[in-house]
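Protein chains: 4
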Amino acid sequence: MSKYQALKQECYEANMQLNELNLVVYTFGNVSAVDRENGVFAIKPSGVPYEELKAEDIVIVDFDNNIIEGDKRPSSDTKTHAYLYKHWPNIGGIAHTHATYSVAWAQAQRDIPIFGTTHADHLTADIPCAAPMADHLIEGNYEHNTGIQILDCFKEKNLSYEEVEMVLLGNHGPFAWGKNAAKAVYNSKVLEVCAEMAYLTLQINPAAPRLKDSLIKKHYDRKHGKDAYYGQ
Amino acid sequence: MSKYQALKQECYEANMQLNELNLVVYTFGNVSAVDRENGVFAIKPSGVPYEELKAEDIVIVDFDNNIIEGDKRPSSDTKTHAYLYKHWPNIGGIAHTHATYSVAWAQAQRDIPIFGTTHADHLTADIPCAAPMADHLIEGNYEHNTGIQILDCFKEKNLSYEEVEMVLLGNHGPFAWGKNAAKAVYNSKVLEVCAEMAYLTLQINPAAPRLKDSLIKKHYDRKHGKDAYYGQ
Amino acid sequence: MSKYQALKQECYEANMQLNELNLVVYTFGNVSAVDRENGVFAIKPSGVPYEELKAEDIVIVDFDNNIIEGDKRPSSDTKTHAYLYKHWPNIGGIAHTHATYSVAWAQAQRDIPIFGTTHADHLTADIPCAAPMADHLIEGNYEHNTGIQILDCFKEKNLSYEEVEMVLLGNHGPFAWGKNAAKAVYNSKVLEVCAEMAYLTLQINPAAPRLKDSLIKKHYDRKHGKDAYYGQ
Amino acid sequence: MSKYQALKQECYEANMQLNELNLVVYTFGNVSAVDRENGVFAIKPSGVPYEELKAEDIVIVDFDNNIIEGDKRPSSDTKTHAYLYKHWPNIGGIAHTHATYSVAWAQAQRDIPIFGTTHADHLTADIPCAAPMADHLIEGNYEHNTGIQILDCFKEKNLSYEEVEMVLLGNHGPFAWGKNAAKAVYNSKVLEVCAEMAYLTLQINPAAPRLKDSLIKKHYDRKHGKDAYYGQ
């Protein structure tokens, strides 16, 4: 039995969650889970429908994109996952989807404004939308450069990946991450929910104001601050 | 066995209804049920997913926010519930959600206009949206002050909590209440339905007129007036 | 056993269909089925939730609104059904809902333009929206007068109830009818589908043109004309 | 047993998929599957509800619209299918639906702009919307002329049916095709997904730019190019 059995299982279950949460159609998404000790991550195989996916299909890859275990080709987005794991030491899982409202904002090339407490319960910034890459980066090592693009976006906007656990790639779609694969999926769903609510908010009131700072701080801190009192 | 077993069960079932009616994702909502005789209410524990929630997890709290029974921490919104129960003697249940269309109107900081009979079957006023609180109230006893904010809104707009059983908190989301927890959930759903219909109405006709007074009166009275003839 | 058992069963099944087709929440809708020979119709009892509804709960009423059989109070909209049955001899069933998109157009007080073949497969006219009634008619015999309002609307717009089997009541919602109760429910769903498509069409292109006459005629006739070749 | 048993089964399953993917209500859609060797195709019978459809109901027709096998009347759109099979030798299946967002764009008479990678993963062009036909073509051999209209649209826009496997018929709805019936259904779903995303994109940003050429090429090629690395 593989030493990565538990990692594959975690990755498999998180991928299946994507499907149950209506965040994907067909094969338009993938989740990975990392094993920091062994310097590898488990990721969905490319193009395998969720109805057919099995835990043993999950591929084990290292941070330099070498396949360590598995018969199948890993997700075409594997290099983006690897780049993020390599540069962000405190994340344990990554999810990528083509969820409808998230993609719509990405295609609109707009950050999702923080309009309410649903958003502020999870992060204090607008959800960033990274600009589409320069042509030579797209034509080059595309998926690797996608990772660079995400980090550049966070640097430019002065965001912390530990607080802002999600990003939109302009004209493409969302990536989300977290302490493990399940949390990455959770953040993908939160992003989709905030994307839909923000869309509707602007339809009802195009001049809707950003949430005021005191409410952002209050809601974020009661869930994530040092005196947090949300949850058990 | 706890003397509050039946109350916990009522509260548990109403919370599970929120989930079945698609009014919540994850843990973004809570319902409480009051026991006026004993001066306590039952409320969902904080941050517990609906799939895992059990009747015995429900927490019993008094109107001064003391935990009377239960191993878990109650909902982070408990003080808002307590405040409403204390000041509105004729309500038996309260529900709070982050339902999509209700939140969108709250984020747009707009009252939901009474556009049709679906709305007038339940209340004769626009669904009020309370303004976001002043900063010092947010930074202070936030959830308690949220209760004050709701009562101030009703006073200012001259509304009766016995007729208008729902409110939007600006930039946050809806609270609804009623004679018991099930009715509070029902009103949460009615609010969400009216919120979606009003949104679509304005998209189709930005100049859509408010429902005329005679129709408001007719529909409200046939369900709630002294000569009501709706229902059994 | 009641001589109206089969009629009650037809009515019951059609009401349950409303629910399965997502055309109602809670008790916001009702369907009736007529027995022309005996001059009565079967209709949903008022305010009974669909989960609890049973065939024996269905009420039998004559065209003058007398209860012929049944322990329960009939739908509060019964007089509208009676009026339509009395004046439109060739209909066998009527359905009333508060379906989301249909209500949105009713609240916007706009006819639904015939934009495509989905619409023309069923009728050749815009789906009419009857104006809200005058105050004295609302304050008077409201549900009876609602029937008058529908007939007046058809007269004014020169429409045939045998071709146009649906109407919106301004600020209220849709009524649909047909040769039997199942067909009335079918038409309620068709109306909702056309309402959603027309809404989206105008969002994408506010200047979207009405379907051209030759296509209206072609699609309507291939399903309903004397040389119809649709179906078995 | 019919020599077309396997073909009927393929056609039946693809039709049922339409239903499961929420691309049809009632009978508003049809799928066919071709047998090139025998010069025939299997198609859904006209007006048969999906709940009642059985594999043996599927009708076998040749490219000149003669019924080769089957007791039922074939889909009223059969001549359009026949025309496409006759002129496009490399397709194996065709699907027609009245899916909501696809129809909305067709009714708006607009091509669906290529806004993102979800779209570019499948085709490099805007999804074309064929203009409604001239009156004399509608009044003539309508369904046959619909096939001509589609081919004329592709010729005029200089599109390849092997790359662009979908089209909107102005004021009507979508047709999609592919190497087999299942792929035609898949393309119908992809079209619907892209139609919804493009709609939302324009609502959020009416000036949203078309996807840049380098990204179109990159995403299409990684799935369909000679060095494709997507899938197994």
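Chains as they are written, first to last, in my numbering: chain A, 345 to 576; chain B, 345 to 576; chain C, 345 to 576; chain D, 345 to 576. Ideal Cβ placement from N, Cα and C applies to all residues, glycine included.
Alpha carbon to alpha carbon, how far is residue j from residue i? Give it in angstroms, no decimals.
i	j	result
D/Asn515	D/Tyr564	29 Å
D/Tyr445	D/Gln493	21 Å
B/Asn524	B/Val378	8 Å
C/Thr422	C/Asn409	7 Å
B/Ala452	A/Leu546	7 Å
C/Leu495	C/Ser504	10 Å
C/Lys556	C/Glu507	18 Å
C/Gly575	C/Asn363	26 Å
D/Leu397	D/Asn374	12 Å
B/Gly460	B/Arg554	8 Å
D/Ile412	C/Lys561	30 Å
B/Phe519	D/Lys570	57 Å
D/His440	B/Asn359	43 Å
D/Pro433	A/Glu500	52 Å
C/Leu467	C/Ile456	12 Å
A/Leu367	B/Val447	21 Å
B/Glu380	B/Arg417	Residue identity differs from the one stated: residue 380 of chain B is Arg in this sequence, not Glu. If you take the alpha carbons of B/Arg380 and B/Arg417, they lie about 22 Å apart.
D/Asp470	C/Ile458	26 Å
B/Phe498	B/His442	21 Å
D/Lys315	A/Glu483	Since the displayed chain D opens at 345 and closes at 576, residue 315 of chain D lies outside it and no answer follows.
D/Ala528	D/Ile435	9 Å
B/Gln349	C/Asp415	35 Å
B/Gly517	B/Glu509	14 Å
A/Asp406	A/Tyr394	24 Å
D/Ala399	D/Val392	12 Å
C/His463	B/Gly437	45 Å
A/Lys347	A/Asn382	10 Å
B/Ala539	D/Val511	35 Å
C/Leu559	D/His480	11 Å
B/Tyr573	C/Ser419	9 Å
Using a Cβ cut-off of 8 Å, pull out every chain B residue sitting near residue i, in sequence order please.
i	result
C/Pro389	Gln576
A/Arg566	Ser420, Tyr486
Write down the C-beta distance between residue i and residue j rounded to the nearest angstrom, noting that I regard them as a contact closer than 8 Å.
i	j	result
C/Val369	B/Val537	6 Å
B/Gln361	B/Ala526	7 Å
D/Trp449	C/Ile548	6 Å
Which bits of chain C does residue i rub up against, with CB to CB less than 8 Å?
i	result
D/Gln453	Asn549, Ala552, Pro553
Using a cut-off of 7 Å between C-beta atoms, extract the partners of residue i located in chain D.
i	result
A/Val447	Gly460, Thr462, Met541
Listing by chain order, which chain B residues have their CB less than 7 Å from the CB of residue i?
i	result
C/Pro476	Lys556, Leu559
Cβ closer than 7 Å: which chain C residues qualify as neighbours of residue i?
i	result
B/Thr545	Ala448, Gln451, Ala452
D/Gly416	Note that residue 416 of chain D is Lys in the sequence shown, not Gly. Going along chain C in sequence order, the residues near D/Lys416 (Cβ under 7 Å) are Gln576.
At 9 Å on the CB atoms, spell out the chain C contacts of residue i, in chain order.
i	result
D/Val392	Gly575, Gln576
Find the residues of chain D that neighbour residue i, judging by a C-beta separation of less than 8 Å, and give them in chain order.
i	result
A/Thr468	The contacting residues do not exist; A/Thr468 stays about 22 Å from chain D at best.
List the residues of chain A whose Cβ lies closer than 7 Å to the Cβ of residue i, in chain order.
i	result
D/Lys570	By Cβ distance, chain A contributes nothing, its closest Cβ being about 16 Å from D/Lys570, past 7 Å.
Cβ of residue i versus every heavy atom of the ligand PLP: is any distance shorter than 8 Å?
i	result
B/Lys556	Annotation note on the ligand PLP: not contained in the displayed structure, which lists no ligands.
Taking residue i as the query, report the chain B residues whose CB atoms sit under 9 Å from its CB, ordered along the chain.
i	result
A/Lys562	Ile482, Glu483, Tyr486
Practice task
Please list the residues of the region 479-498 of chain A that have a C-beta atom closer than 8 Å to any C-beta atom in chain D, keeping them in chain order.
Solution key: Within the region 479-498 of chain A, the residues whose Cβ lies closer than 8 Å to some Cβ of chain D are Asp479, Ile482, Glu483, Tyr486, listed in chain order.
Problem - Contact residues within the region 345-371 of chain D, judged by C-beta distance below 8 Å to chain A - result: Listed in sequence order: no entries.
Problem - the region 467-487 of chain B contacting the region 524-533 of chain C, beta-carbon criterion three pairs below 8 Å - result: With the rule of 3 Cβ pairs closer than 8 Å, the region 467-487 of chain B does not count as touching the region 524-533 of chain C.
Exercise for the section: Note down, in chain order, all residues in the region 428-442 of chain C with a beta-carbon under 9 Å from any beta-carbon belonging to chain B. Expected result: Residues of the region 428-442 of chain C with a C-beta atom less than 9 Å from some C-beta of chain B are His442, listed in chain order.
Practice task
Could you say if the region 349-356 of chain C and the region 387-401 of chain C meet the contact criterion of at least three C-beta pairs nearer than 8 Å?
Solution key: Yes: the two stretches touch, three or more of their Cβ pairs being nearer than 8 Å.
Exercise for the section: Specify whether the region 426-437 of chain A and the region 484-492 of chain A touch according to this definition: at least 3 beta carbon pairs, one from each stretch, less than 8 Å apart. Expected result: Of all C-beta pairs linking the region 426-437 of chain A to the region 484-492 of chain A, three or more are shorter than 8 Å, placing the two stretches in contact.
Problem - Near-chain A residues of the region 513-537 of chain B (beta-carbon distance less than 8 Å), N- to C-terminal order - result: Within the region 513-537 of chain B, the residues whose Cβ lies closer than 8 Å to some Cβ of chain A are Asn515, His516, Gly517, listed in chain order.
Problem - Where the region 395-427 of chain D meets chain C: residues whose CB sits under 8 Å from a CB there - result: Flagged, chain order: Lys416, Arg417, Ser420.
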